[in-house]
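See structure below.
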Amino acid sequence: MVKKYFILVLGCQMNRSDAEKIETILANLGYQSVNSEAEADLIVVVACSIKQSAIDRVYGKAHNWQKRRKTGQLFTILTGCVLDKDKKPLGEIFDLAVDIKDINQIPEKLGVDKSVSVGDYFSVAPKHNSSFQAYVIIMTGCNNYCTFCVVPYTRGQETYKDANELINECKELIKAGYKEITLLGQNVNSYHSGDYGFPKLLSAIDKIEGDFWIRFLSSNPQDFSDDLIEVMANGQHITPYLHFAVQSGDDDILKKMNRRHNVEHYLKIIDKARLTIPNLMVSTDIIVGFPTETEAQFNNTVKLVERVSYDMIYISKYSNRIGTAASKILADDIVKTEKDRREKILTKFLAVSALANNQNYLNQIVDVLVEGHKQGQQFGKTNTFKTVTFASDNNVIGQFVQVKIVEVGSWALFGELVYPVE
Ligand code: SF4
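All the letters of the sequence shown, read from the start, carry residue numbers 1 to 422 under UniProt numbering.
Written out as structure tokens, the structure reads:
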């Protein structure tokens, strides 16, 4: 009988892409994917220790699976971005806990012949869940040790995939008709392999012939170079979208976070990028309620948000993660209601800036990569990562189309289909 697996993914795009690698491994072992936990003989959880709520969810799920697990009907594997302090207790209610970089050992740990080799972490090809959008992991881990962050502890030091292998992987995807490639890493700007830094890698992928967009995530200011701005400005396929993590608009808080930039440096890069790259959209990550953050320090973040006029901010309310440097040296002293208030204030400023930025799209015709449809409407993204909704009777999912924008809100653009892009 064919064995069936279900993968539960929590957290960011890196975890989603890792799950696609695990799918390849399981498919090679003869497992078949199913859409529900109840049908599965094997459940893999790609977990995330960044938020306690995500870990609590794993506990809840794992407890529900115990009965089937104890009767031998179900085998469970825990992997992902998991802190040791979570891994130990969770390991007791899973059959197997595997470090994310060791997912290639899953066949051996499942008792399959050791000769079934799947190569190392980077050489496991993901089984992409989309036929037109692909994540490509260029690096994993992080050397930056921001005091609030678990990644250096869960994924370890940075390691990089070989540049030529990455270029070939992208060539294959484009040949297979993929329209959007997102290069992923915790800190893509520090990528290096042989004589390739990130700008050279991006430029090489941009030179591949075809009809596609390239995006990349995430960028941090400390190693963001002028070369990268030039490559983005001159690229044929590189989208004018920069996710550029700042975390706080206050220099003292940035120091306590062990971020290696200050506000002035951050703004200089944004100003230069906006001058050089036409129609650049900028998004960021901000933590509110970091330990000791005063009202005045929070107001510095508000000032930064007003100054940059972001298109999107991914706001996190600080949560104490045991094992991180911040948890050892700083008390989580901002109460939840205050964190909620600060989050609401930033969201209000964001709604205003995003709406103002979106007004520029009114009556413009934009290219959209169509991602899906809902209630008779199709939706997709512009190259600037704006969500566009429009009506169409034809199924144009996975295609580039042109849409005239007739209405805008803070979080979406609404338009009319002009015609499919040739
Ligand atoms: S750069 Fe990003 S991944 Fe690395 S430690 Fe800082 S927040 Fe975490």
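Ideal Cβ positions, reconstructed from N, Cα and C, are used throughout, including at glycine.
For a test of the three-state rule: what should DSSP assign to MET1, helix, strand or coil? As a position in the sequence shown, residue 1 is number 1, starting the count at 1. The answer is coil: DSSP assigns MET1 none of H, G, I, E or B.
Can you list, in chain order, the residues of its chain whose CB lies under 6 Å from that of ALA325, leaving out five sequence neighbours each side? The count along the sequence shown starts at 1 and reaches residue 325 at position 325. Only THR147 meet the Cβ criterion.
To the nearest angstrom, how far is it from the Cα of ARG16 to the Cα of LEU362? Numbered from 1 along the sequence shown, position 16 holds the residue referred to as residue 16. Numbered from 1 along the sequence shown, position 362 holds the residue referred to as residue 362. Rounded to the nearest angstrom, the two C-alpha atoms are 34 Å apart.
How many angstroms separate the CA atom of PHE390 from the CA atom of GLN377? Within the sequence shown, numbered from 1, the residue matching residue 390 stands at position 390. Within the sequence shown, numbered from 1, the residue matching residue 377 stands at position 377. Whole-angstrom Cα-Cα distance: 6 Å.
Return the bridge partner residues of SER316 from the DSSP annotation. Residue mapping note: residue 316 aligns to position 316 of the sequence shown, counting from 1. In DSSP, SER316 forms a bridge with ILE287.
Among ASP99, VAL366, ILE287, whose alpha-carbon lies nearest the alpha-carbon of VAL406? Within the sequence shown, residue 406 is the residue found at index 406, counting from 1. Of the candidates ASP99, VAL366, ILE287, the one whose C-alpha sits nearest the C-alpha of VAL406 is VAL366.
Cutoff 8 Å; reference HIS192; Cβ partners in own chain excluding five residues on either side: Residue 192 sits at position 192 when you count from the first residue of the sequence shown. Closer than 8 Å at the Cβ level, and outside the excluded window around HIS192, lie TYR160, PHE198.
Count the other C-beta atoms from every protein chain shown that fall within 10 angstroms of the C-beta of SER53, then say buried if there are 16 or more, exposed otherwise. Here residue 53 refers to the residue found at position 53 of the sequence shown. Classification of SER53: exposed, given that the 10 Å Cβ count is below 16.
Is ASN320 near ligand 1, going by C-beta to nearest heavy atom under 8 Å? Residue mapping note: residue 320 aligns to position 320 of the sequence shown, counting from 1. No - ligand 1 has no heavy atom lying nearer than 8 Å to the Cβ of ASN320.
Within a Cβ cutoff of 6 Å, which residues of the same chain sit near MET232, ignoring the five residues on either side of it in sequence? For the purposes of this step, residue 232 is taken as residue 232 along the sequence shown, with counting starting at 1. The residues are ILE238, ILE277.
Report the residue from LYS67, ALA331, ASP84 whose alpha carbon sits nearest the alpha carbon of ARG155. To locate residue 155, count along the sequence shown from 1; it is residue 155. The shortest Cα separation from ARG155 among LYS67, ALA331, ASP84 belongs to ASP84.
Among LEU10, LYS51, TYR5, GLU37, which has the Cα closest to the Cα of GLY30? In the sequence shown, the residue the question calls residue 30 occupies position 30. Ranking LEU10, LYS51, TYR5, GLU37 by Cα distance to GLY30 puts TYR5 first.
Under 8 Å: does the beta carbon of PHE244 sit that close to some heavy atom of ligand 1? By 1-based counting over the sequence shown, the position of residue 244 is 244. No, since every heavy atom of ligand 1 falls outside the 8 Å radius drawn around the Cβ of PHE244.
Any chance the CB of PRO291 is under 8 Å from a heavy atom of ligand 1? Here the question's residue 291 lines up with position 291 in the sequence shown. No; taking the cut-off as 8 Å, the Cβ of PRO291 has no heavy atom of ligand 1 nearer than that.
Going by beta carbon distance, what residues of the same chain come within less than 6 Å of HIS261, once the five residues before and after it are set aside? Numbered from 1 along the sequence shown, position 261 holds the residue referred to as residue 261. Correct list, in chain order: PRO221, GLN222.
Please find out if some non-hydrogen atom of ligand 1 comes closer than 8 Å to the beta-carbon of TYR145. If you number the sequence shown from 1, residue 145 lands on position 145. Yes; taking the cut-off as 8 Å, the Cβ of TYR145 has a heavy atom of ligand 1 nearer than that.
For VAL188, verify whether its CB is less than 8 Å away from any heavy atom of ligand 1. By one-based count along the sequence shown, residue 188 stands at place 188. Outside the cutoff, so no.
Status (buried if at least 16 other CB within 10 Å, exposed otherwise) for SER49: Here residue 49 refers to the residue found at position 49 when the sequence shown is read from its first residue. With 16 or more other Cβ atoms within 10 Å, it is buried.
Does ligand 1 have a heavy atom nearer than 8 Å to the CB of VAL151? The residue you call residue 151 lines up with position 151 of the sequence shown. Yes - ligand 1 has a heavy atom lying nearer than 8 Å to the Cβ of VAL151.
What are the uninterrupted segments assigned as beta strand (DSSP E) that are 3 or more residues long and contained completely in the stretch 15 to 101, given in chain order? For the stretch 15 to 101, whole beta strand (DSSP E) runs of length 3 or above, ordered along the chain, are 42 to 48, 75 to 81.
Residues sharing a beta bridge with ALA391, DSSP: As a working mapping, residue 391 is identified with position 391 in the sequence shown. The partner list for ALA391 (beta bridge, DSSP) reads GLN377, GLU416.
Inter-residue Cα distance where the pair is ASP95 and THR347: As a first step, residue 95 must be located in the sequence shown, where it is residue number 95. As a first step, residue 347 must be located in the sequence shown, where it is residue number 347. Going from the Cα of ASP95 to the Cα of THR347 covers about 42 Å.
Have a look at the DSSP bridge pairing and note the partners of VAL9. Stepping through the sequence shown from its first residue, residue 9 is reached at position 9. Per DSSP, VAL46.
Close Cβ partners of LYS256 (< 8 Å) along its chain, the five nearest in sequence each way excluded: On the sequence shown, position 256 is the one that residue 256 refers to. Excluding sequence neighbours, LYS256 sits near THR147, PHE290, PRO291, THR292, ALA326, LEU330.
Under the assumption that GLN247 contacts ILE287 (Cβ atoms under 8 Å), give the Cβ distance between them as a whole number of angstroms. In the sequence shown, the residue the question calls residue 247 occupies position 247. In the sequence shown, the residue the question calls residue 287 occupies position 287. Sure, about 5 Å apart at Cβ, within 8 Å.
Going by beta-carbon coordinates alone, are LEU42 and VAL58 separated by less than 9 Å? In the sequence shown, counting from the first residue as 1, residue 42 sits at position 42. In the sequence shown, counting from the first residue as 1, residue 58 sits at position 58. No, they are not a contact pair.
Determine whether the beta carbon atoms of GLY323 and VAL151 lie at a separation below 9 Å. The residue you call residue 323 lines up with position 323 of the sequence shown. The residue you call residue 151 lines up with position 151 of the sequence shown. In this structure, VAL151 does not lie closer than 9 Å to GLY323 by Cβ.
Cutoff 9 Å: ARG259 Cβ touching any chain C Cβ: Reference to chain C is not applicable here, since this structure consists of a single protein chain.
Among PHE244, GLN105, THR294, which residue has its Cα nearest to the Cα of LEU280? Looking up residue 280 in the sequence shown gives position 280. It is PHE244.
Whole-angstrom distance between LYS88 and PRO126, CA atom to CA atom: Translated into the one-based positions of the sequence shown, residue 126 becomes position 126. Translated into the one-based positions of the sequence shown, residue 88 becomes position 88. Rounded to whole angstroms, PRO126 to LYS88 spans 28 Å at the Cα level.
Any non-hydrogen atom of ligand 1 closer than 8 Å to SER327 Cβ: What you label residue 327 is simply residue 327 of the sequence shown in a count that begins at 1. No, the beta carbon of SER327 sits no closer than 8 Å to any heavy atom of ligand 1.
Are the CB atoms of VAL370 and PHE400 within a distance shorter than 9 Å? To locate residue 400, count along the sequence shown from 1; it is residue 400. To locate residue 370, count along the sequence shown from 1; it is residue 370. Yes.
Is the Cβ-Cβ distance between ASN258 and ASP311 less than 9 Å? What you label residue 258 is simply residue 258 of the sequence shown in a count that begins at 1. What you label residue 311 is simply residue 311 of the sequence shown in a count that begins at 1. Against a cut-off of 9 Å, the Cβ pair of ASP311 and ASN258 comes out as no contact.
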